[in-house]
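*Asks:*
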Amino acid sequence: MITPKPLLSENVKDFMDYALEVIKSMDGAPEHNETERLQVNENIAKLRSYLDAVELSYQETIPVISDSQVNESPANFSGTGHS
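Counting from 1, position 67 in the sequence shown corresponds to residue 335 in the numbering used here; the numbering is continuous, with no gaps.
(1) Give me the residue from K314, M294 and D320 with the minimum Cα distance to N279.
(2) Report yes if the C-beta distance between S325 and V308 is below 8 angstroms; otherwise report no.
(3) What does the alpha-carbon distance come out to for the pair D285 and V322?
(4) Kindly indicate which residue of Y318, E299 and G296 has the alpha-carbon position closest to the one of L276.
(5) Please classify G274: does DSSP put it in a helix, a strand, or coil?
(6) Could you check what DSSP says for I312 in three-state terms: helix, strand or coil?
(7) CB V290 to CB N311, shorter than 8 angstroms?
The structure is reproduced here in structure tokens:
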């Protein structure tokens with residue numbers, strides 16, 4: 269199982285590695301029996317949860333913008349591109 273890690277790149281690498289495994293498990297899909305189909309569907313569901321770990325990692329790396337920072341504007345900003 270992929271667990272969220274401090275670095276976003278580590279989470280993405282784990283996700284991509286597993287995604288390749290899932291893709292390989294899909295090879296030969298027309299000939300898959302019921303057991304193989306169930307396994308592929310489980311792999312896809314697990315891949316979805318791993319993507320959630322990547323998303324969580326990303327969300328934790330972006331700075332939080334407070335309402336006061338959004339409403340404040342720099343004192344010397346003219347708004348036209350000219351001073």
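We put the CB at the ideal spot given by N, CA and C, even for glycine.
*Replies:* The relevant details are as follows:
(1) D320
(2) No Cβ-Cβ contact shorter than 8 angstroms links S325 with V308.
(3) 13 angstroms
(4) Y318
(5) Checking the displayed sequence, the identity of residue 274 turns out to be Pro instead of Gly. Three-state result, P274: coil.
(6) Helix, per DSSP.
(7) The answer is yes: Cβ separation under 8 angstroms.
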